[in-house]
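**Q** Here's a structure for you.
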Amino acid sequence: MSDDDALREEYLAFGDELGFLPKLHGPSYEDLVAQDTENTMALLAKYTFPGPDASVERSEHKTSSGIRLKAYRPDTLKPGQPLVYYIHGGGFAMGSVDLDDRFCDLLSKATGCIFVSVEYRLAPAFKHPVPLDDCVEGAKWCVENAASLGAKAGGIVIAGKSAGGGLVFGTALRLVDEGRGGDVAGLVPCQPLTVHPDAVPEEDRGRYGSYDENELHAAPLDDPYIWPLQHKNLAALPKTYMNGCGADTLRDDARLMKDLLDLNGVPNQYEEYEKLPHYFFVFPSSHLDKLRDEYFDKTAKGILWVMEE
Numbered sequence: 001m002s003d004d005d006a007l008r009e010e011y012l013a014f015g016d017e018l019g020f021l022p023k024l025h026g027p028s029y030e031d032l033v034a035q036d037t038e039n040t041m042a043l044l045a046k047y048t049f050p051g052p053d054a055s056v057e058r059s060e061h062k063t064s065s066g067i068r069l070k071a072y073r074p075d076t077l078k079p080g081q082p083l084v085y086y087i088h089g090g091g092f093a094m095g096s097v098d099l100d101d102r103f104c105d106l107l108s109k110a111t112g113c114i115f116v117s118v119e120y121r122l123a124p125a126f127k128h129p130v131p132l133d134d135c136v137e138g139a140k141w142c143v144e145n146a147a148s149l150g151a152k153a154g155g156i157v158i159a160g161k162s163a164g165g166g167l168v169f170g171t172a173l174r175l176v177d178e179g180r181g182g183d184v185a186g187l188v189p190c191q192p193l194t195v196h197p198d199a200v201p202e203e204d205r206g207r208y209g210s211y212d213e214n215e216l217h218a219a220p221l222d223d224p225y226i227w228p229l230q231h232k233n234l235a236a237l238p239k240t241y242m243n244g245c246g247a248d249t250l251r252d253d254a255r256l257m258k259d260l261l262d263l264n265g266v267p268n269q270y271e272e273y274e275k276l277p278h279y280f281f282v283f284p285s286s287h288l289d290k291l292r293d294e295y296f297d298k299t300a301k302g303i304l305w306v307m308e309e
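For the sequence shown, the UniProt record's numbering assigns the number 1 to the initial residue and increments by one for each residue that follows.
Here is the structure:
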């Protein structure tokens, strides 16, 4: 069976429309950047990407050490909702706050919540533990400033996707281990990175086969904050909504974490999008409209679910 046989018809139609299916092969950082640039140029030549939503008010902020934060205040704001702290993806080496404007626009409007996105520093210029440290610092800033931004004072919801989804767990676990678990009201990791393949627990190795990790980040294999599947206190995590994709390189990261959340008694929901790859929802092809709408609708409902007391 070819790789294409494992993909939804809608996604294959998108590939036919574009002329290829976007992929990042690596293996070097330079290769990844070149491939990402090539994909982006082809997409921009074919499609019009939606711009920032004018009904979402944005404001710029910084932590005491200068970490950039962007806040999103939707016109649908519902008083008394927790702040959602968002961590973008990109394999610890790519991505930015601004590139994920649309993601935060859609989910802030759908949930009626204040979102704050963190511009953590990236590898290879800034290796482990800098990205995680930046995310933890940003989370603490959000807890301290939630009320002044118009959100509920107290615990925040931490959300993110891909490497950012892994940093959701890492940030929450750092806060838990610092005695600040009450600062985290819920988690929403989307297609998260949770374990280095060389550190998959022995009992799970037969079930893990979906990801070859790039070494740009240089995190130790036994670091339980970057590879949270290894953390010994997952039971301390709050309600978690997680999603994954059946044709995703990080599929098994999500599935194994779901099993451990269940084993540790963490209230959680997990949804998997069969025969769809990583980040399928970012492409503005009409072939993907229904699937994209479904993804954002379910993710918004997941955010609201973790907020329920």
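Quick reminder that beta carbons are idealized off the backbone N, C-alpha and C, glycines included. Quick caveat, the model's predicted, so the values are computed rather than measured.
Residues in the same chain with beta-carbon distance under 7 angstroms from Glu57, minus the five sequence neighbours each way, listed in chain order, please.
**A** Arg73
**Q** Going by CA-CA distance only, name the one from Val116, His231 and Ala110 that's closest to residue 310.
**A** Absent from the structure is residue 310, since the part of the chain shown begins at 1 and ends at 309.
**Q** Under the three-state reduction of DSSP, which class applies to Glu269: helix, strand or coil?
**A** It should be noted that the sequence gives Gln, not Glu, for residue 269. Gln269 falls in the strand class under three-state DSSP.
**Q** Between which two residues does the beta strand (DSSP E) carrying Arg180 extend?
**A** That residue, Arg180, is in no beta strand (DSSP E); it is neither H nor E in DSSP.
**Q** Under the rule that 16 or more other beta-carbon atoms within 10 Å means buried, what is Glu48, buried or exposed?
**A** The question names Glu, yet the displayed sequence has Thr at residue 48. Exposed: under 16 other Cβ atoms inside 10 Å.
**Q** Taking the beta carbon of Glu51 as the centre, do at least 16 other beta carbons fall within 10 Å, making it buried, or is it exposed?
**A** The residue you asked about is not Glu; residue 51 is Gly in the sequence shown. Under this definition Gly51 is an exposed residue.
**Q** Strictly by DSSP, which residues pair up with Arg58?
**A** Beta-bridge pairing links Arg58 to Tyr72.
**Q** Report the three-state DSSP secondary structure of Thr240 (helix, strand or coil).
**A** strand
**Q** If I follow the unbroken alpha helix (DSSP H) through Glu119, where does it start and stop?
**A** Here Glu119 belongs to no alpha helix (DSSP H); instead the beta strand (DSSP E) covers Phe115 to Glu119.
**Q** By the three-class DSSP mapping on this structure, what secondary structure does Ala34 have?
**A** helix
**Q** Going by beta carbon distance, what residues of the same chain come within less than 7 angstroms of Asp183, once the five residues before and after it are set aside?
**A** Only Val143, Gly155, Ile156 and Leu175 meet the Cβ criterion.
**Q** If you count every other CB in all the chains shown that lies within 10 Å of the CB of Phe20, and 16 or more means buried, which is it?
**A** exposed
**Q** Hey, could you find the ends of the alpha helix (DSSP H) Leu149 is sitting in?
**A** The continuous alpha helix (DSSP H) containing Leu149 extends over residues Val130 to Leu149.
**Q** Grab me the residues of residue 313's own chain with a C-beta within less than 7 angstroms of its C-beta, minus the 5 sequence neighbours each way, in chain order.
**A** For the chain, the structure presents residues 1 to 309; residue 313 sits outside this window and is missing.
**Q** Helix, strand or coil for Ile303, going by three-state DSSP, please let me know.
**A** helix
**Q** For Lys239, count the other beta carbons within 10 Å of its own beta carbon; 16 or more makes it buried, fewer makes it exposed. Which is it?
**A** buried
**Q** Based on the DSSP output, what are the partners of Cys245 in its beta bridges?
**A** Tyr273
**Q** Closer than 8 angstroms is the cut-off here; do at least three beta carbon pairs connect the segment 157–169 with the segment 84–92?
**A** Judged by Cβ distances under 8 angstroms, the segment 157–169 makes contact with the segment 84–92, as three or more pairs qualify.
**Q** When DSSP labels each residue in this structure, what does Val282 get in the three-state scheme?
**A** For Val282, the three-state secondary structure derived from DSSP is helix.
**Q** Considering Gly160, what are the terminal residues of the beta strand (DSSP E) in which it resides?
**A** Lys152 to Lys161
**Q** Out of Asp75, Glu178, Asp248 and Pro131, point me to the one whose CA is closest to Thr111's CA.
**A** Asp75
**Q** Output the boundary residues of the beta strand (DSSP E) element that contains Leu83.
**A** Pro82 to Ile87
**Q** Whole angstroms are fine: how far does the CA of Cys245 sit from the CA of Leu288?
**A** 15 angstroms
**Q** Alpha carbon to alpha carbon, how far is Lys140 from Leu304? Give it in angstroms, no decimals.
**A** Their backbone Cα atoms lie some 21 angstroms apart in a straight line.
**Q** Tell me where the beta strand (DSSP E) around residue 361 begins and ends.
**A** Since the first residue of the chain shown is 1 and the last is 309, residue 361 is not available in this structure.
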